[in-house]
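A short write-up of the structure that comes next.
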Amino acid sequence: MSFMSPFPGMDLSKMDPGTLTLLGAAGCVMLTMHFTVQLVSQHLFYWKNPKEQKAILIIVLMAPLYAISSFVGLLDIQGSKTFFTFLDAVKECYEALVIAKFMALMYSYLNISISKNIVPDEIKGRVLHHSFPVSLFLQKGVREGEERKNGREAGQQPAALPAGSGAWCPTQYLLWSAAARSIWKGMPRNVRLEHKTLKLLKYWTWQFVIVRPVCSILIIALQLLGLYPSWVSWTFSIILNFSVSMALYALVLFYHLFAKELAPHKPLAKFLCIKGIVFFSFWQGFALDVLTQAGVIKSHHFWLDVEHIQEAIQNVLVILEMVVFSVIQQYAYHVAPYSGADRAKFEKKNE
121 MSFMSPFPGM
131 DLSKMDPGTL
141 TLLGAAGCVM
151 LTMHFTVQLV
161 SQHLFYWKNP
171 KEQKAILIIV
181 LMAPLYAISS
191 FVGLLDIQGS
201 KTFFTFLDAV
211 KECYEALVIA
221 KFMALMYSYL
231 NISISKNIVP
241 DEIKGRVLHH
251 SFPVSLFLQK
261 GVREGEERKN
271 GREAGQQPAA
281 LPAGSGAWCP
291 TQYLLWSAAA
301 RSIWKGMPRN
311 VRLEHKTLKL
321 LKYWTWQFVI
331 VRPVCSILII
341 ALQLLGLYPS
351 WVSWTFSIIL
361 NFSVSMALYA
371 LVLFYHLFAK
381 ELAPHKPLAK
391 FLCIKGIVFF
401 SFWQGFALDV
411 LTQAGVIKSH
421 HFWLDVEHIQ
431 EAIQNVLVIL
441 EMVVFSVIQQ
451 YAYHVAPYSG
461 ADRAKFEKKN
471 E
């Protein structure tokens with residue numbers, strides 16, 4: 121019994137798993153391209169707000185870029201580690217740009233301009249609450265600062281001093297304590313919304329745009345020089361983990377702060393598209409790396425008989441996931457707000 125093949129003249133039952141995987145992946149890439157090109161062409165046809173729609177185009181092109189890059193990696197699965205690092209760097213550097221553009225899109229929806237110092241009066245003065253787990257560190261820092269301050273005023277020696285400080289020195293402790301308090305004073309748990317606060321959130325997102333390419337260049341250079349031991353790899357993973365988490369945290373803060381004003385623009389769906397792609401690419405790759413180091417994932421796998429099974433699994437999963445996200449983007453970044461369909465629907469509803 122032979123399987124019905126969507127490709128004339130091909131008998132899928134006689135194909136090896138690797139070829140079947142490539143055919144399936146190619147089909148998924150074509151689907152991702154189809155949905156994305158459809159959405160992009162709609163926005164280009166109804167080009168009404170260049171500032172917003174440029175950001176939208178950059179965001180929606182993320183899915184096909186990830187799919188194509190992963191498919192190239194799947195085709196050349198025997199490539200060097202530096203080759204896979206380069207492919208990952210292309211995807212993740214674009215990811216950093218997308219996160220920054222998403223924040224710029226939200227600012228545009230709210231008519232906020234950091235460069236022109238424009239913040240609408242109706243949103244000034246709102247309280248920004250730091251979420252878990254950042255709030256724990258802020259609470260701890262404030263509490264310890266107060267305890268040290270009270271102990272110093274009572275003439276008591278602090279319980280713990282900075283490493284290498286030796287015997288207690290009042291001048292040294294005062295300088296260290298003042299520096300610590302100034303750091304926590306600049307990072308209160310609850311802050312009032314102002315231009316400075318919005319500028320800080322923008323910096324938190326844009327730092328990933330800088331950190332990601334710099335780390336990618338350093339990683340590729342160290343690999344080419346043969347100076348890339350496992351501890352260096354883990355160090356870069358931690359740095360990138362912290363950087364992307366900070367950028368996403370800034371987006372979450374911004375969303376919770378302006379959820380009501382952003383509601384007509386479907387911000388949650390837009391944000392989940394980006395966060396989902398970031399989550400499934402970054403953390404998925406991180407988890408696969410851990411499983412490989414632990415020996416759970418091994419080469420010469422029963423499914424894909426290749427040496428680089430970790431990269432193969434990652435690429436296949438990303439290709440499949442991009443089809444899903446390209447479909448979700450059809451809803452999240454629909455052209456209706458620019459084509460006039462939303463206005464017509466609203467007027468019809470109020471008739």
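279 is the number that our numbering gives to position 159 of the sequence shown; each next residue is one higher, with no gaps. Ideal placement from N, C-alpha and C gives every residue a C-beta, glycine not left out.
Check                                                                                                                        : Outcome
Assigned exposure category for residue 196 - 16 Cβ within 10 Å defines buried                                                : exposed
Residues near residue 209 in its chain [Cβ-Cβ closer than 6 Å; skip 5 each side]                                             : 336
CB contact flag (residue 214, residue 182, <8 Å)                                                                             : yes
Environment of residue 193 [buried if 16+ CB atoms lie within 10 Å]                                                          : buried
Three-state secondary structure assigned by DSSP to residue 148                                                              : helix
Local conformation of residue 414 per DSSP, three classes                                                                    : coil
Neighbourhood of residue 100 by C-beta distance below 8 Å, restricted to the same chain and skipping five residues each side : Residue 100 lies beyond the range of the chain shown here (121 to 471); nothing can be said about it.
Enclosing alpha helix (DSSP H) for residue 354 [first to last residue]                                                       : 350–377
Proximal residues to residue 184 (C-beta, below 6 Å), its chain only, five neighbours per side dropped                       : 152, 153 and 156
Coil, strand or helix - residue 211 by DSSP                                                                                  : helix
Own chain residues within Cβ distance below 6 Å of residue 220, not counting five before or after                            : 325, 326 and 329
Alpha helix (DSSP H) segment containing residue 324, residue limits                                                          : 315–344
Distance, residue 161 Cα to residue 452 Cα                                                                                   : 16 Å
Residue 157 - DSSP class collapsed to helix/strand/coil                                                                      : helix
Where residue 227 falls: helix, strand or coil (DSSP)                                                                        : helix
Backbone CA spacing between residue 188 and residue 436 [nearest angstrom]                                                   : 11 Å
Assigned secondary structure, residue 140 (DSSP; H/G/I helix, E/B strand, else coil)                                         : helix
Three-state secondary structure (DSSP) of residue 405                                                                        : helix
Test item: CB-CB of residue 383 and residue 321 under 8 Å                                                                    : no
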